[in-house]
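Each remark here refers to the structure printed beneath this line.
There are 2 protein chains.
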Amino acid sequence: MTRWGIATTSSANPARSYHHGDLRQALIDSAAQLVHEKGPAGFSLREVARRAGVSHAAPAHHFGSTKGLLTAVASAGFEHLTEAMRAAVVGVEDPAERLRRLGRAYVGVSIRFPGHVALMFRSDIVDHDDEFFAACGLEAYAELDQTLEMVREAYNPDLDVQLAGKFVWASVQGLVDLSADFGPLDEKREVATHDLGALIDGFVVLMLDGFRQRT
Amino acid sequence: MTRWGIATTSSANPARSYHHGDLRQALIDSAAQLVHEKGPAGFSLREVARRAGVSHAAPAHHFGSTKGLLTAVASAGFEHLTEAMRAAVVGVEDPAERLRRLGRAYVGVSIRFPGHVALMFRSDIVDHDDEFFAACGLEAYAELDQTLEMVREAYNPDLDVQLAGKFVWASVQGLVDLSADFGPLDEKREVATHDLGALIDGFVVLMLDGFRQRT
DNA sequence: GGTGCTATCTTGACACTGTCTAGTCAATGG
DNA sequence: CCATTGACTAGACAGTGTCAAGATAGCACC
């Protein structure tokens, strides 16, 4: 699997080795693995410590509380999402195709790492006011914003990019949200995970038609 | 506040009084109140029992586990949502206006009862396979479906109502999801709760343009 | 080289959680 | 009237997050 734990929140010196070597990063990795396996609900600070081979109170020293550690994991999740989105559109010029690929990348990440995506939007257990986390979120959003700017230029100079951005993001996140947990929207499982991509394509067509200038 | 606890899951006789009178309903009410105050995260089975004035193991007898009780609360939430959506469009003929009102109703509920809405889509703590819960979800969705059928007739006979339904629901739920927890999408709080209605209006315009038949 | 000093981590405790088991007690059916 | 069943209580168990106090290692400084 892709390497998750990438970044830290604020402290600068990651390689300094005291007792453990690099406990902070090790904890993030263990936590990410645990979130990946059991989702945010199955997460436990003590279990993370156990996996990292340290005592149960060790994480508190680095992250303050559970929220701190989860925030770090969520930040790494956003970084991965940004990376995936960026890679999906590199070299692609057509705005419509870019939008489609962004959507598919988003859905792809949410399918491969449902635990992380679920975590990222849980404000009750993740500190959304954290500086680094907010920056990571903005970075991902900027990727979409850029493409929407291209849509505006190509399709409709009057397009409200801000509104469109929120609209697209909300649509995709809503789809992920509703289908990831097999919500009441698709009680018959008609929307299986492998159909999500196709669904996204349909969404994009509808969105683009909505964005187009009316003749 | 509106009375939440409305329905039970499967048992038929609600008014039968044994020791307590109607513990099942009392527990749902207490649980709903607790969810309303502290959200799904702050929920505790023991706290609910405490508020209802019974022992900590009493709820298990009626609901099996925490999940069972939360599922009942979530079902009541959906019933309330359905009611709100239905009331919002009664007597309104114009499809566009209906869609707009449905969206505003949805957002209105999510603002007034954020805890419930957050709960309803948490598949980890709510049993989405529960029969009654699924039925409640479908009922709400049917309300949207009906209006979209009207949109199809009025705007575009080729409209894929199924796709459009998922699209609309995902968009609105995504918006609620992203802004209710003040996600990274609006780190500057530019999307305050009172702006959500206006945002929904913008969404609806974009959606309708997407649904329209191209000339 | 020795002496603080601070960051790192451990150990133990506390209050709390959900669930399981056994027991109590009321209400109903025969 | 009595037995059975449903409703609920009381206690225990394993697990949780967080706090307080202690141990230990690395570093700066004299």
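Residue numbers (the working numbering), protein chains in the order written: chain S, 1 to 215; chain W, 1001 to 1215.
Beta carbons: idealized from backbone N, C-alpha and C, even for Gly.
As the structure is a prediction and not an experimental result, all values here were calculated from the model.
Non-local C-beta neighbours of Gly115(S) in its own chain, meaning closer than 6 Å and more than five positions away in sequence, comprise Val35, His36 and Gly39, ordered along the chain. Membership of Phe1132(W) in the alpha helix (DSSP H) is indicated by the continuous run Glu1131 to Tyr1155. Chain-ordered, the chain W residues with CB closer than 7 Å to the CB of Leu199(S) read Lys1166.
Beyond the five residues adjoining it in sequence on each side, Gln1162(W) comes within less than 6 Å, by CB distance, of no other residue in the same chain. The beta carbon of Glu47(S) sits closer than 8 Å to the beta carbons of Leu34 from its chain, once the five residues preceding and following it are set aside; these are given in chain order.
At least one C-beta of chain W is nearer than 8 Å to the C-beta of Phe121(S). Neighbourhood of Leu1163(W) in chain S, by CB distance below 7 Å: Gly202, in chain order. With a threshold of 16 other beta carbon atoms within 10 Å, Gly64(S) falls short and is exposed.
Gly1197(W) and Val1107(W) do touch by the CB rule: their CB atoms are close to 6 Å apart, below 8 Å.
Fewer than three pairs of CB atoms, one per stretch, sit closer than 8 Å, so the segment 1149 to 1161 of chain W makes no contact with the segment 115 to 134 of chain S. Leaving aside the five residues that flank Ala1031(W) on each side, the residues in its chain whose CB is nearer than 6 Å to its CB run, in chain order, Val1048, Leu1069 and Val1073.
Contact between the segment 1074 to 1088 of chain W and the segment 1142 to 1156 of chain W is present: 3 or more CB-CB pairs across the two stretches fall below 8 Å. CA-to-CA, the gap between Arg1050(W) and Ser1044(W) works out to about 10 Å. The C-alpha of Arg112(S) is placed about 22 Å away from the C-alpha of Ala26(S).
Here the alpha carbons of Asp201(S) and Thr66(S) stand approximately 38 Å from one another. The DSSP-derived three-state label of Asp1029(W) is helix. Taking 8 Å as the CB threshold, Leu1070(W) stays off the interface with chain S. Closest by C-alpha distance to Arg104(S), out of Thr71(S), Ala60(S) and Val176(S), is Val176(S).
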